[in-house]
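Asks:
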Amino acid sequence: MIKTVSGFFSIYKPSGISTFDLIRIIKKKTGIKKLGHTGTLDPFAEGLVIILVGQMTRIFDFFSLLPKTYRGFAEFGKRTDSLDITGKIVETALPPDIDTIKKNIDSFKGTITQRPPAYSAVHVNGVRAYELARKGIEPDLKEKSITIYSMDINNYQNNILDFEITCSSGTYIRTIADDLAKKCNSAAYLTKLIRKSIGAFTLDNAVKIDEISLENLIPPMEGFHILDIPVFTVDCEIADKIIKGKNLINESIKTDNYPNKVISFFAENNNFLALVDNRNLMMKYIFVSSNRDIS
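Letter by letter, the sequence shown follows residues 3 to 297 of the working numbering.
(1) At 4 residues or longer, and completely inside the region 26 to 83: list those alpha helix (DSSP H) runs for me, N to C.
(2) Report back the beta-carbon spacing between residue 179 and residue 192 to the nearest angstrom; my notes put them in contact at under 8 Å.
(3) Verify whether the separation of the beta carbon atoms of residue 225 and residue 9 is less than 8 Å.
(4) Should residue 287 and residue 276 be called a contact, given that it needs their Cβ atoms to be closer than 8 Å?
(5) Note down, in chain order, each residue of its chain lying with its Cβ closer than 6 Å to the Cβ of residue 4, except the 5 sequence neighbours on either side.
(6) To which residues does DSSP link residue 93 through a beta bridge?
(7) Any contact of the region 167 to 175 with the region 71 to 82, i.e. 3+ C-beta pairs under 8 Å?
(8) Comparing C-alpha positions only, which one of 274, 51, 107 and 242 sits nearest to residue 151?
(9) Are the beta-carbon atoms of residue 49 and residue 210 separated by less than 8 Å?
(10) Can you give me the C-alpha to C-alpha distance between residue 234 and residue 214, rounded to a whole angstrom?
(11) Look at residue 83 and residue 92 and say whether their C-beta atoms are less than 8 Å apart.
(12) Whole alpha helix (DSSP H) runs in the region 147 to 204 with 4 or more residues, listed along the chain?
(13) With 16 other CB atoms within 10 Å as the buried threshold, where does residue 58 fall?
(14) Rounded to whole angstroms, what is the Cα-Cα separation between residue 65 and residue 40?
(15) Classify residue 88 as helix, strand or coil using the three-state DSSP reduction.
(16) Between the beta-carbon of residue 251 and the beta-carbon of residue 267, is there less than 8 Å?
(17) Any idea if residue 44 is buried or exposed, counting beta-carbon neighbours within 10 angstroms, 16 or more meaning buried?
(18) Might you give, ordered along the chain, the residues of its own chain that have their beta carbon closer than 6 Å to the beta carbon of residue 155, omitting 5 neighbours on each side?
(19) Alpha carbon to alpha carbon, how far is residue 294 from residue 11?
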């Protein structure tokens, strides 16, 4: 049984399975038990999923700060109860023309508020919203702030809008399509959704399910380079202080060029040591590795 391995899997999830199904598949294929994810994809959706392995499960919060890019396909003129292709049609309307869509799409750019869809995994008084929705109960979902960095139209043909959107973590693309349709005095639902990137991780280097193996595990150091987290390799003396959680401010570590960054430390044997918040050059530990092998 593998207990100490850490890193990242960059995986293409096909439609038809959940993110949790994907985790079960990885456990079966690799024997790794400690796994997490950086954000679920709905079963109908496909695309990039980053799986956190071992001690990397503890940097979930870092991934929540990264923008995500999606390509979506929304059919106008119909609305389903789930706002995607898996639901039942509950509304029909005249589809808008492209000029109407273009006129309204810019209103979504920037920081806006969004109410999660009823068929979502958001907890409402300890119960998943979709569990209430399936029972015919309208969940009381609160609006939250999200950021849309860009939203562009690729094509609009046969009432299908092909669009690309880059947004903050936690954004529901189904709701974006629904809200856009409402602004156009119409209705819409997603027929397809592809997640193309999470931060600097992209579909270009993602592996398919049948390719999952330990050989495809991205080591922490390589993953941090992809994420633009500065990597510092330190000698045994400083490594020993790090694993003991001692203050690093007075050490001869040149972090001045990264005053507002999260930075990482590795021992000379490439074992991961710690993530440190270097805001204001204060060098505060985010977490320290439990792996004490520094020789």
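Idealized CB from N, CA, C, for every residue including glycine.
Replies: To lay it out plainly:
(1) 62 to 65
(2) Counting from 1 along the sequence shown, the entry for residue 179 is found at position 177. Counting from 1 along the sequence shown, the entry for residue 192 is found at position 190. Rounded to the nearest angstrom, the Cβ distance from residue 179 to residue 192 is 5 Å, consistent with a contact under 8 Å.
(3) For the purposes of this step, residue 225 is identified with residue 223 of the sequence shown, where counting begins at 1. For the purposes of this step, residue 9 is identified with residue 7 of the sequence shown, where counting begins at 1. Yes.
(4) Here residue 287 is taken as the residue at index 285 of the sequence shown, counted from 1. Here residue 276 is taken as the residue at index 274 of the sequence shown, counted from 1. Yes. Within cutoff.
(5) Residue mapping note: residue 4 aligns to position 2 of the sequence shown, counting from 1. With a pLDDT of 42 at residue 4, under the threshold of 50, the modelled position of this residue cannot be trusted; read the value that follows with caution. Once the five neighbours on either side are set aside, the close Cβ partners of residue 4 are 33 and 34.
(6) Taking the first residue of the sequence shown as 1, we reach residue 93 at position 91. DSSP output for residue 93 lists 81 as bridge partner(s).
(7) The region 167 to 175, when compared against the region 71 to 82, does touch it at the 8 Å Cβ threshold.
(8) The sequence position of residue 151 within the sequence shown is 149, counting from 1. Of the candidates 274, 51, 107 and 242, the one whose C-alpha sits nearest the C-alpha of residue 151 is 107.
(9) Taking the sequence shown and counting its residues from 1, the one referred to as residue 49 is at position 47. Taking the sequence shown and counting its residues from 1, the one referred to as residue 210 is at position 208. It is not a contact, given that the beta carbons lie outside the stated cut-off.
(10) Stepping through the sequence shown from its first residue, residue 234 is reached at position 232. Stepping through the sequence shown from its first residue, residue 214 is reached at position 212. Between residue 234 and residue 214, the C-alpha separation is close to 29 Å.
(11) As a position in the sequence shown, residue 83 is number 81, starting the count at 1. As a position in the sequence shown, residue 92 is number 90, starting the count at 1. For residue 83 and residue 92, yes; Cβs fall inside 8 Å.
(12) 175 to 185
(13) On the sequence shown, residue 58 is found 56 positions in, with the first residue counted as 1. That one is buried.
(14) Here the question's residue 65 lines up with position 63 in the sequence shown. Here the question's residue 40 lines up with position 38 in the sequence shown. One C-alpha to the other measures close to 6 Å.
(15) Residue numbering aside, residue 88 sits at position 86 when the sequence shown is read from its first letter. Of the three classes helix, strand and coil, the one that applies to residue 88 here is coil, per DSSP.
(16) Position 249 of the sequence shown, counting from 1, holds the residue named residue 251. Position 265 of the sequence shown, counting from 1, holds the residue named residue 267. No, Cβ-Cβ distance for residue 251 and residue 267 is not below 8 Å.
(17) Your numbering for residue 44 matches position 42 in the sequence shown. By the 10 Å Cβ count, residue 44 comes out buried.
(18) Along the sequence shown, one-based indexing puts residue 155 at 153. Closer than 6 Å at Cβ, skipping near neighbours: 165.
(19) Within the sequence shown, residue 294 is the residue found at index 292, counting from 1. Within the sequence shown, residue 11 is the residue found at index 9, counting from 1. Computed Cα separation, rounded: 24 Å.
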